[in-house]
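As structure tokens, the structure follows; a few thoughts come after it.
In the numbering used here, the protein residues as written are 4 to 65.
Laid out in structure tokens, this is it:
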């Protein structure tokens, strides 16, 4: 459980950031902002998951 919480916070932070950033006149709705935010949030989530995987990776005991 402790491995997934930080990546979810990263995902949520990126989505919230895209909502509050200014956009063009035709795309200044929450739906469009969240749609475009997914383009940034999903790669950020994947990078955070990989980082957490390597941080919590335990050395093998051979």
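Positions of the beta carbon are idealized from the N, C-alpha and C atoms, including for glycine. Fair warning: this is a prediction, and the values are worked out from it, not measured in the lab.
For residue i, is the classification buried or exposed, using 16 other Cβ atoms within 10 angstroms of its Cβ as the cut-off for buried?
i: residue 34; result: exposed
i: residue 21; result: buried
i: residue 14; result: buried
In terms of alpha-carbon separation, which member of the options lies closest to residue i?
i: residue 6; options: 14, 61 and 55; result: 55
i: residue 12; options: 43, 36, 48 and 39; result: 48
i: residue 17; options: 36, 29, 28 and 40; result: 40
Need the endpoints of the alpha helix (DSSP H) that residue i sits in, please.
i: residue 8; result: 8-23
i: residue 51; result: 33-58
Just to confirm, are residue i and residue j a CB contact at a threshold of 9 Å?
i: residue 51; j: residue 10; result: yes
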